[in-house]
Structures are given as C-alpha cells and as structure tokens.
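Beneath this line is the structure, given in structure tokens, with notes to follow.
Protein chains: 2
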Amino acid sequence: MAQDRFATLNREPTHVVLAVVVQIRGGRLQTLLWQRAREPDAGRWSLPGGVLGAAESLEASIRRHLAAKVDVAELSHLEQLQTLSEPDRHPDERQIATAYLGLVPSDADPSLPADTAWHAIDALPPLAFDHQGIVQAARDRLRAKLSYTNIGFAIAPAQFTLAELRDLYAAALGRAVTATNLQRILVRRHLLEPLAEHRAPTSAGGRPARLFRFVHRSLEITDEFAVLRPRS
Amino acid sequence: MAQDRFATLNREPTHVVLAVVVQIRGGRLQTLLWQRAREPDAGRWSLPGGVLGAAESLEASIRRHLAAKVDVAELSHLEQLQTLSEPDRHPDERQIATAYLGLVPSDADPSLPADTAWHAIDALPPLAFDHQGIVQAARDRLRAKLSYTNIGFAIAPAQFTLAELRDLYAAALGRAVTATNLQRILVRRHLLEPLAEHRAPTSAGGRPARLFRFVHRSLEITDEFAVLRPRS
DNA sequence: GCAAAAGTGTTGTGTCTACACCCATGT
DNA sequence: ACATGGGTGTAGACACAACACTTTTGC
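Protein chains in written order, with the working numbering: chain G, 1 to 232; chain E, 1 to 232.
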C-alpha cells in the first residue's frame, strides 16, 4: 500500500494532535483552552495540542504537548476521539487533526500558563477552526460512557462522599442526579466500594457521610450489550 | 499550532486509510481482504485501502480506494473507527493509518478483483501489520451498535422476514437470537415496521412470513443513556 | 428539640427473556 | 392429517426511578 502512487500531489498534510481536557470545576463541566497568539484566528480560543513528531505515537504526542500546559500526571484518563480531515478545515494549509479526550479528577488544580484557562463547556467563547464540534463530541462521549463504563473514576477524587459524586455526575450529565439511585447502580455493578471512614459534617450539622472509592481506576465496560443478551 | 516547531524530523509520515468492509455471507460475518503482492508482508492478507490524497477528506479517500475493489454504491454505512500511529506499526516507513468500518447489506454480491476475497471474521488468516486488531475493533463496534442504534438497517436487505433478520443478528452478535424478542425490541423502538406483503413459503410448507423494513436507513441512536435518566 | 444532611425501605413501572401456545401454509 | 415454519400471549425476572422514612450529627 505504501508503494501505491496516484495522480495527486505527493506532499503529506501536517498532522496535529488536539485534546479536550475536561474537569469539573465549581460544579460545571469545563475544558482547557489556549488563546492563539498568531494568525490564523489570532486571539481566538482553541484546543491545546501541536504537531505530531516523526517518531512518536499520537498518544505520546498529545501527552508531550499537554505537558506544556498542565501536569500530565493529573490526567486520570486519555482516549482517542476522532480524526478530522476536511481539506478546508484550516485556512492556510492542509492539516489532519486527531482529537483526544482527557479527564482530570475534580480535586486536582494544576497551575496553568498565562495564555491558558478553563472554560465552561456550556458557555464557550467562539473557538478556532472546527474545535467547537470536537468539544461537543468529547462531552457526548463522556456522557455516554458514564452510563455503561466506570469512567466516573476519572472525574472523581480518590475518595469522595456520595453527595460529592452525585454533584460530579450531575455536572457531567447536565441534569439532576439522585444520590440514592446513583449509589445503588454503582454498587450493584461493583464499581463503587464503601470505606470504613466517614467525613465529618460541617458546622451546618448533618449525619457524617461515608467515604467511597471506585474499585478500579482504569476504564472498564460494565454494561455491555444491554439488549439481546441471554439471562445467564 | 501549525507554526510550532520542535526538535524532531520535519518529514510528515505517510497517511493511509483502511476499511473493514463487513457483510454477512452464508450466515457468517465476513470481511473483505486483499492479498498483498509486494513486500513488506507479500502474500499476506490485508485490509483494503490506500494513501490519503492531498485534497481529499479521509472518508472521500476510503471511498475512492474501495471503489477499486467493490461497487461503493453497495456500502450502506461507513464510519470512522480509529487512527493507528505506533511508530513501528509498518516495518519500512512511518505510517499513520485511519481505519473505517463499512457495511454491506446481506443481499448484495459485489464482483471482486482476483486479489480480493471475503474471509470469515472468526477464522481469519494471519493478517499484515496490525490489521488483526482493527478487524476485532470493527466487529466489536458493530456488535455494540446493534444494541443501541438502528445499525441493523445496514446489514439487512431493504425488505426481509423476521427469521432472516434474526439470522443476520445472530451472525453479527455471534450468539443465538430469538425472532420473537428481536421483533418486539425493534418494533417497540420504532426501528422496524411491518409491510403488507408476505413471503411465500418454500416447498417445505409453513405459514407465509410477513415482510418488514427498517423505518430509517441512516444511523440513529435509539437507546441513549440507558441509566441515570429520569422517567420523564 | 430542631434543622440539616446522609442513608435505607419500599413501591411501582417499564423492559426484557423465556416459553407455551396458536396460526397458516404445503404435501 | 400432519409437518413445518411464522406469530402471539403471558408470566417471571430484573433494573430502575421515585419518594417516604429513618439515622446521625451540629446548634
């Protein structure tokens, strides 16, 4: 295949890697954006990333580029989203872009360079190029996976109360979630396990909340084939 | 981003596009493979595809390359799977590959070139490069989407009996499926609609089977957010 | 005691699997 | 008539949402 030749320009397009780095901050789903200094689209916010190196994989590349913006050790999960290739997606040159979804636990607070900031996904500024659609795809992917995988581990701290986890799920899903049912679903599926410790109540009083943690801290499919599956 | 420079070789890798073209033939899930004529991996079976052109999108490119193997009009569905980028995935040169999943309805029988043939996915020959894993990913994607989308339209003919559809689902899922429950699930979700016509029984007798068709013939999510969703 | 927050019990509903039973045709 | 394959009825299991109720704390 590599030897095939056909009658088009032989110049390879530039391959860039982008990431939608998502964290729940202040009860809202937010993503990391970087303000472009140069044309095209100077001044516009865009997804962090950069050009793929000659000897690195896409995942290694996005980790390398993100390291300039955040502490990569804070990334609890990273997965490939899609590759964009419309010939006119970049005004100046032919550019292929592979987008990743990265998740940061809600208790991390990485320091950021001056040109980089968190933005709420439901109130984004105008974004450069086709980045708006990539962010929406990332949000949809996260929402879907909250339903059939254990991906909650990647947005939550190592330990948390159910009320805290409920707020994280509610922020990610964009709708109210009850702690009661959330607990039953996640415990029934063996995603969540209770710890012996409790969290002391605030000055407002209330019963001390039990702490929980996710059983596994890497992605697992927990509800495969919802339908057309035999009982046993 | 495009202007960024860093201390690696500036030569862009070759970008190829591959497709796992899937059809159910003879009650088995099969995929289209092409026998490599040249080194590396000469003689090995590999996924059809080719080099991305300078002015085309990935999807346009895979359609163009597939046109050399099958009648592209037979493709009922085409979606991007993933992009592979391990630096050593090709022995001779740096190569990025974007893989697609293509579906062909079971009643199509496209004519094929001499170097191309259908192979049952559960009994593949050794494949070139990392193509084995791509085929598995394609199969898993199809199986999952049969549960929560209307993707059945893409493996089925325009009209079919429930017994025929059951056999297609069974072949794709790799497990027994009952026509009774399949009908109820798909009719309840308004994916399937009955037609007035019936199919005449064979010489073996039996009640004439009603014909059905899919309501929509493009991909739709039909069972989003199985969990944590209010009763509405 | 009372407010506040966490946690449990329980009921009802909808979706699915499984299986028995009925229907329509050819020979 | 009876074999063959298509189609329907129905019961039971299960997972889930909803909500009332109980528990444990601070003030």
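Cβ atoms here follow ideal geometry from the backbone N, Cα and C, with glycine treated the same way.
Checklist entry - Given Glu56(G), which residues of its chain have a CB within under 8 Å of its CB, disregarding the five upstream and five downstream residues? => result For the purposes of this step, residue 56(G) is identified with residue 56 of the first sequence, where counting begins at 1. Closer than 8 Å at the Cβ level, and outside the excluded window around Glu56(G), lie Arg64.
Checklist entry - Hey, would you say Gly102(E) sits closer than 9 Å to Leu146(E), going by beta carbons? => result Here residue 102(E) corresponds to residue number 102 of the second sequence, with the count starting at 1. Here residue 146(E) corresponds to residue number 146 of the second sequence, with the count starting at 1. Against a cut-off of 9 Å, the Cβ pair of Leu146(E) and Gly102(E) comes out as no contact.
Checklist entry - Mind listing which residues of the segment 143 to 164 of chain G have their C-beta closer than 8 Å to chain E's C-betas, in chain order? => result Arg143, Ala144, Leu146, Ser147 and Tyr148
Checklist entry - How many angstroms separate the CA atom of Thr180(G) from the CA atom of Lys69(G)? => result Locating residue 180(G) in the first sequence gives position 180, where the first residue counts as 1. Locating residue 69(G) in the first sequence gives position 69, where the first residue counts as 1. C-alpha separation (whole angstroms): 38 Å.
Next on the checklist: I'd like to confirm the pairing. Which residues does DSSP put opposite Leu127(E) in its beta bridges?
Outcome noted: For this step, residue 127(E) is matched to residue 127 along the second sequence. Bridge partners of Leu127(E): Trp45(E).
Item to check | Proximal chain E residues relative to Tyr100(G), where beta-carbon distance stays under 9 Å | outcome: For the purposes of this step, residue 100(G) is taken as the residue at position 100 of the first sequence. Neighbours of Tyr100(G) on chain E: none; closest Cβ ~10 Å, over 9 Å.
Next on the checklist: Taking DSSP's pairing of strands, which residues face Gln23(G) in a bridge?
Outcome noted: Position 23 of the first sequence, counted from the first residue, corresponds to residue 23(G). DSSP output for Gln23(G) lists Gln30(G) as bridge partner(s).
Checklist entry - Roughly how far, in whole angstroms, is the beta-carbon of Leu168(E) from the beta-carbon of Ala156(E), given that I think they are within contact range, below 8 Å? => result Sequence index remark: in the second sequence, residue 168(E) carries index 168 (1-based). Sequence index remark: in the second sequence, residue 156(E) carries index 156 (1-based). Correct: roughly 6 Å between the Cβ atoms.
Next on the checklist: Considering just the uninterrupted stretch of the alpha helix (DSSP H) at Glu86(G), what are its terminal residues?
Outcome noted: On the first sequence, residue 86(G) is found 86 positions in, with the first residue counted as 1. Glu86(G) -> no alpha helix (DSSP H), and no H or E assigned at all.
Checklist entry - Would a check of beta-carbon distances place Ala176(E) closer than 9 Å to chain G? => result Within the second sequence, numbered from 1, the residue matching residue 176(E) stands at position 176. Yes, contact with chain G.
Item to check | For Glu197(E) and Val215(E), believed in contact at Cβ under 8 Å, the rounded distance | outcome: Against the second sequence, residue 215(E) aligns to sequence position 215. Against the second sequence, residue 197(E) aligns to sequence position 197. At roughly 17 Å, the Cβ-Cβ gap does not stay under 8 Å, so Val215(E) and Glu197(E) are not in contact.
Item to check | Boundaries (first-last residue) of the alpha helix (DSSP H) holding Arg188(G) | outcome: Working through the first sequence from its first residue, we reach residue 188(G) at position 188. Looking at the DSSP string, the run of the alpha helix (DSSP H) that includes Arg188(G) is Ala179 to Arg188.
Checklist entry - Of all the alpha helix (DSSP H) runs that stay within the bounds of the segment 111 to 167 of chain E, which reach a length of 4 or more residues? => result 131 to 148
Checklist entry - On the three-state DSSP scale, how would you describe Val72(E)? => result What you label residue 72(E) is simply residue 72 of the second sequence in a count that begins at 1. Helix.
Next on the checklist: Please report whether the beta-carbon of Arg25(G) lies at a distance below 9 Å from any beta-carbon of chain E.
Outcome noted: Residue numbering aside, residue 25(G) sits at position 25 when the first sequence is read from its first letter. Not an interface residue.
Item to check | Ala99(E) versus Gln95(G): straight-line alpha-carbon distance, rounded | outcome: Within the second sequence, numbered from 1, the residue matching residue 99(E) stands at position 99. Within the first sequence, numbered from 1, the residue matching residue 95(G) stands at position 95. Rounded to whole angstroms, Ala99(E) to Gln95(G) spans 18 Å at the Cα level.
Checklist entry - Going along chain E, which residues have a C-beta under 8 Å from Thr83(G)? => result Here residue 83(G) refers to the residue found at position 83 when the first sequence is read from its first residue. Within chain E, the residues near Thr83(G) are Leu58, Gln80, Thr83 and Thr98.
Next on the checklist: Need the endpoints of the alpha helix (DSSP H) that Ile62(E) sits in, please.
Outcome noted: Position 62 of the second sequence holds residue 62(E). Looking at the DSSP string, the run of the alpha helix (DSSP H) that includes Ile62(E) is Leu58 to Leu66.
Checklist entry - How big is the Cα-Cα spacing for Leu182(G) and Gln80(G)? => result Residue 182(G) sits at position 182 when you count from the first residue of the first sequence. Residue 80(G) sits at position 80 when you count from the first residue of the first sequence. When rounded, the distance between both Cα atoms is 27 Å.
Item to check | Sequence-distant residues of its chain with Cβ nearer than 6 Å to Leu9(G) (five each side left out) | outcome: Along the first sequence, one-based indexing puts residue 9(G) at 9. Here the model assigns Leu9(G) a pLDDT of 43, short of 50, so the residue's position is not dependable and the matter cannot be decided.
Item to check | Cβ of Phe214(G) within 9 Å of any chain E Cβ | outcome: Counting from one through the first sequence, the residue named residue 214(G) turns up at place 214. Chain E contact via Cβ: absent.
Item to check | Nearest candidate by alpha-carbon position, reference Ile121(E), set Ser218(E), Leu47(E) and Thr222(E) | outcome: By 1-based counting over the second sequence, the position of residue 121(E) is 121. Closest by alpha carbon: Leu47(E).
Checklist entry - How many angstroms separate the CA atom of Asp92(G) from the CA atom of Pro40(G)? => result On the first sequence, residue 92(G) is found 92 positions in, with the first residue counted as 1. On the first sequence, residue 40(G) is found 40 positions in, with the first residue counted as 1. Their backbone Cα atoms lie some 8 Å apart in a straight line.
Checklist entry - What did DSSP end up calling Ala171(E) once you bin it into helix, strand or coil? => result Your numbering for residue 171(E) matches position 171 in the second sequence. Reduced to three states, the DSSP call for Ala171(E) is helix.
Next on the checklist: So for Arg217(G), helix, strand or coil by DSSP?
Outcome noted: Taking the first sequence and counting its residues from 1, the one referred to as residue 217(G) is at position 217. Arg217(G): coil per DSSP, three-state reduction.
Next on the checklist: Please identify the residue among Arg141(G), Asp107(G), Gln30(G) and Ile185(G) whose C-alpha is closest to the C-alpha of Gln159(G).
Outcome noted: By 1-based counting over the first sequence, the position of residue 159(G) is 159. Ranking Arg141(G), Asp107(G), Gln30(G) and Ile185(G) by Cα distance to Gln159(G) puts Asp107(G) first.
Checklist entry - Shorter than 9 Å from the beta carbon of Arg94(G) to some beta carbon of chain E? => result Taking the first residue of the first sequence as position 1, residue 94(G) is located at position 94. Yes, Arg94(G) counts as interfacial toward chain E.
Next on the checklist: At a CB distance below 8 Å, what residues from the segment 39 to 57 of chain G approach chain E? Give them in sequence order.
Outcome noted: Ser46, Gly49, Gly50, Val51, Leu52, Gly53, Ala54, Ala55, Glu56 and Ser57
Item to check | Buried versus exposed call for Gly206(E) [16 or more other C-beta atoms within 10 Å across all chains shown] | outcome: As a first step, residue 206(E) is located in the second sequence; it is residue number 206 there, counting from the start. The residue is exposed, with fewer than 16 neighbouring Cβ atoms inside 10 Å.
Checklist entry - For Ile294(G), is the classification buried or exposed, using 16 other Cβ atoms within 10 angstroms of its Cβ as the cut-off for buried? => result Residue 294(G) lies beyond the stretch modelled for chain G, which goes from 1 to 232, so this question has no answer here.
Checklist entry - Could you give the C-beta distance for Thr31(G) and His90(G), rounded to a whole number, given that I count them as a contact under 8 Å? => result What you label residue 31(G) is simply residue 31 of the first sequence in a count that begins at 1. What you label residue 90(G) is simply residue 90 of the first sequence in a count that begins at 1. About 20 Å separates the two Cβ atoms, so there is no contact after all.
Next on the checklist: Could you tell me the alpha carbon to alpha carbon distance between Leu234(G) and Ala138(G), rounded to whole angstroms?
Outcome noted: This structure cannot settle anything about residue 234(G), because the visible part of chain G is limited to 1 through 232.
Item to check | Assigned secondary structure, Val227(E) (DSSP; H/G/I helix, E/B strand, else coil) | outcome: Here residue 227(E) refers to the residue found at position 227 of the second sequence. Coil, per DSSP.
Checklist entry - How big is the Cα-Cα spacing for Pro126(E) and Arg44(E)? => result Here the question's residue 126(E) lines up with position 126 in the second sequence. Here the question's residue 44(E) lines up with position 44 in the second sequence. Looking at the two C-alpha atoms, the distance is approximately 7 Å.
Checklist entry - Could you give the residue range of the beta strand (DSSP E) that holds Thr98(E)? => result Taking the second sequence and counting its residues from 1, the one referred to as residue 98(E) is at position 98. That run of the beta strand (DSSP E) goes Gln95 to Leu103.
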